[in-house]
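**Student:** End of the sequence shown sits at 134 in the working numbering; the numbers just go up one at a time, nothing left out. Even for Gly, the Cβ is constructed at its ideal location relative to N, Cα and C. Quick caveat, the model's predicted, so the values are computed rather than measured. Dropping the structure in here first, questions after.
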Amino acid sequence: MPNDDTIKLLNECNAGIKMGVESINEVIYHVKNDNLRNILNKYLEDNKSLGDKTHEYLNQFHDSGKEPSTIAKTMSWFKTNIKLLQGSDVDEQIADLMTDGCNMGIKSIYRYLNKYPSANNDVKGLAKDIITSQEKFLNDLRIFL
C-alpha cells in the first residue's frame, strides 16, 4: 500500500499534466507556423503518455486522481484568450504562454517532490520524467519567442 506522500505527489502530477494537455488543446488551433504546431503536437502526445503512466499508478493505488483547480483553469483560460486577442504575432504569444506554463509546471513539481519526500521512488521518477519533458518543451519553444 502506498504512503500518503506517494498519493499526494501522484495527484499533483496528474493535475499538472491535465492542465498541460488542456492548455495545448486550447491554443493549437490558433497556431500559424507548422513547426510550432508539430512541437505542440509532440508534447501533447508526451503529456498524454505521462498522464497514462500517472493513471496506471493511480489505478494501482485505487485513487481517482485530482483535477486542476478551478481558479488555475480560469486564470489560464483568461490569460490565454487575452494574449491571443492582442493582435501581435500569434505564434510568439502561444510560445510565450506555453513557456510560462512549463516554468510553472517545473516549479510546482519540484515543490511537490520536496514537500513529499517519502513518496515511492517510482512515482518520484515519474515526476522527474515530467520535469524533463517540460524542460525539453521549453527548449524547443525558444526559437518562437
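(1) If we count the other Cβ atoms within 10 Å of its Cβ and call it buried at 16 or more, is G90 buried or exposed?
(2) Can you list, in chain order, the residues of its chain with a C-beta nearer than 8 Å to that of L33? Leave out the 5 residues immediately preceding and following it.
(3) Any contact of the segment 40 to 60 with the segment 88 to 103, i.e. 3+ C-beta pairs under 8 Å?
(4) Should D(-6) and P106 be called a contact, given that it needs their Cβ atoms to be closer than 8 Å?
(5) Which first and last residues belong to the alpha helix (DSSP H) in which V112 is found?
(6) Applying the 10 Å Cβ sphere with the 16-neighbour rule, what's the burial state of E64?
(7) Of all the options K104, M8, I120, which has the alpha carbon lying nearest to the alpha carbon of I(-4)?
(8) In the structure shown, what three-state DSSP assignment does G54 receive?
(9) Suppose the cutoff is 8 Å on Cβ atoms and the five residues either side in sequence are ignored; what does the same chain contact list for H44 look like?
(10) Is Q82 buried or exposed, if buried means 16 or more other CB atoms sit within 10 Å of its CB?
(11) For my contact list, K21 and D80 are in at a C-beta cut-off of 8 Å; report their separation, rounded to the angstrom.
(12) Give the straight-line distance between the Cα atoms of L25 and F126, rounded to the nearest whole angstrom.
**Tutor:** Put simply:
(1) G90 should be labelled buried.
(2) So the qualifying residues of the chain are V10, I13, N14, I17.
(3) As far as the Cβ criterion goes, the segment 40 to 60 does not touch the segment 88 to 103, which means the pair count is below three.
(4) A contact, by the Cβ cut-off of 8 Å.
(5) Note, V112: alpha helix (DSSP H), 110 to 130.
(6) The amino acid at residue 64 is misidentified as Glu; the sequence shows Met. Around the C-beta of M64, fewer than 16 other C-beta atoms lie within 10 Å, and the residue is accordingly described as exposed.
(7) If we check each option's Cα against that of I(-4), K104 comes out closest.
(8) Looking at G54 - three-state DSSP - the assignment turns out to be coil, as it is neither helix nor strand.
(9) N3, G54.
(10) Taking all protein chains in view, the Cβ of Q82 is crowded by 16 or more other Cβ atoms within 10 Å, so the residue is classified as buried.
(11) About 5 Å; that satisfies the 8 Å criterion.
(12) One C-alpha to the other measures close to 11 Å.
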